[in-house]
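K.L.:
Sharing a structure, written as structure tokens. Questions coming.
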Amino acid sequence: MPKAPAPTSPYWKLQRQMTRFNTWLFRTTGGKAGSTFRKAPVLLLNHVGRKSGQARTSPLIYLDDAPRLVIVASKGGTDAHPAWFHNLMAMESAEVELPGGERRRVRPRVAEGDERAALWERLVAIYRPYAAYATYTQRQIPVVVLEPAG
């Protein structure tokens, strides 16, 4: 069975650099560039490090389920949740940036049960690798619903 790259793999260093570049590109162009990945839509999630207190930004694939947005804490199918997920769950609300310069305040919650299953199916339809990621790990990959906060 294939596995996600090991935590010490050079892949993760490259991933951090690509995240910074994608964030810069998205903001510089107002989302005209950097707002898709393999045809899937991308938003910027602005959050605060729960330990460091530092502002962080994570470009993430999303599903527009108006008025909600839905994101996935996959981290490529590794055995640990991504840091942004822990940060987000520690926050009452966060901000997302969407293509075209729109910013929204959102409240995160993890989808469960039938809701999660239905959203997961739709997310896999827009980004097929999610299905493979789920086979790489024994953890259930969180599906995060971002409800309007305002």
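The sequence shown begins at 744 in this note's numbering and counts up by one.
All residues carry an ideal CB built from backbone N, CA and C; glycine is no exception.
1) Check this for me: beta carbons of Val888 and Ala816, under 9 Å apart or not?
2) Would Arg847 pass as a contact of Pro891 if the rule is Cβ separation under 9 Å?
3) In three-state terms, what does DSSP make of Leu841?
4) Using a threshold of 9 Å, state whether the C-beta atoms of Ser801 and Thr762 are closer than that.
5) Quick one: residues in its chain with C-beta nearer than 6 Å to the C-beta of Ile814, no 5 flanking neighbours on either side, listed in chain order?
6) DSSP state of Arg859, grouped into three classes?
7) Spatial neighbours of His824 within its chain, please: CB distance less than 6 Å, with the 5 preceding and 5 following residues excluded, ordered by chain position.
8) Below 9 Å between beta carbons: does that hold for Glu840 and Gly774?
9) Please check the pair Thr751 and Thr821, which I expect to be a contact at CB under 8 Å, by giving their CB distance rounded to whole angstroms.
10) For a quick check, are the C-beta atoms of Glu845 and Leu788 less than 9 Å apart?
11) Which same chain residues, not among the five before or five after Ile869, have their C-beta less than 6 Å away from its C-beta?
12) Asn830 and Arg799: beta carbons closer than 9 Å?
13) Based on Cα-Cα distance, which residue from Ile884, Trp863, Gly843 and Ala826 lies nearest to Val791?
14) How far does the alpha helix (DSSP H) with Tyr805 in it reach, from first residue to last?
P.N.:
Based on what the coordinates show:
1) Stepping through the sequence shown from its first residue, residue 888 is reached at position 145. Stepping through the sequence shown from its first residue, residue 816 is reached at position 73. Not in contact: Val888 and Ala816 (Cβ atoms no closer than 9 Å).
2) Sequence index remark: in the sequence shown, residue 847 carries index 104 (1-based). Sequence index remark: in the sequence shown, residue 891 carries index 148 (1-based). Contact: yes.
3) Along the sequence shown, read from residue 1 onward, the residue named residue 841 stands at position 98. DSSP places Leu841 in coil when its eight states are reduced to three.
4) By 1-based counting over the sequence shown, the position of residue 801 is 58. By 1-based counting over the sequence shown, the position of residue 762 is 19. Closer than 9 Å, so yes.
5) Here residue 814 is taken as the residue at index 71 of the sequence shown, counted from 1. So the list reads Leu803, Tyr805 and Val887, once near-sequence residues are dropped.
6) For the purposes of this step, residue 859 is taken as residue 116 along the sequence shown, with counting starting at 1. In this structure, DSSP gives Arg859 a helical state, which the three-state scheme calls helix.
7) As a working mapping, residue 824 is identified with position 81 in the sequence shown. Within its own chain, the residues whose Cβ lies closer than 6 Å to the Cβ of His824, once the five positions on either side in sequence are excluded, are Ala816, listed in chain order.
8) Position 97 of the sequence shown, counted from the first residue, corresponds to residue 840. Position 31 of the sequence shown, counted from the first residue, corresponds to residue 774. In terms of Cβ geometry, Glu840 and Gly774 form a close pair [threshold 9 Å].
9) As a working note, residue 751 is residue 8 in the sequence shown. As a working note, residue 821 is residue 78 in the sequence shown. Between Thr751 and Thr821, the beta carbon gap of about 12 Å keeps them out of contact (Cβ cut-off 8 Å).
10) The residue given as residue 845 occupies position 102 in the sequence shown. The residue given as residue 788 occupies position 45 in the sequence shown. No. Outside cutoff.
11) Looking up residue 869 in the sequence shown gives position 126. Ala783, listed in sequence order.
12) As a first step, residue 830 must be located in the sequence shown, where it is residue number 87. As a first step, residue 799 must be located in the sequence shown, where it is residue number 56. Yes, the pair counts as a contact, with Cβ atoms nearer than the cut-off.
13) Taking the sequence shown and counting its residues from 1, one reaches residue 791 at position 48. Minimum Cα distance to Val791 is reached at Ala826.
14) As a working mapping, residue 805 is identified with position 62 in the sequence shown. Counting along the chain, Tyr805 falls outside any alpha helix (DSSP H), though it belongs to the beta strand (DSSP E) covering Ala798 to Asp808.
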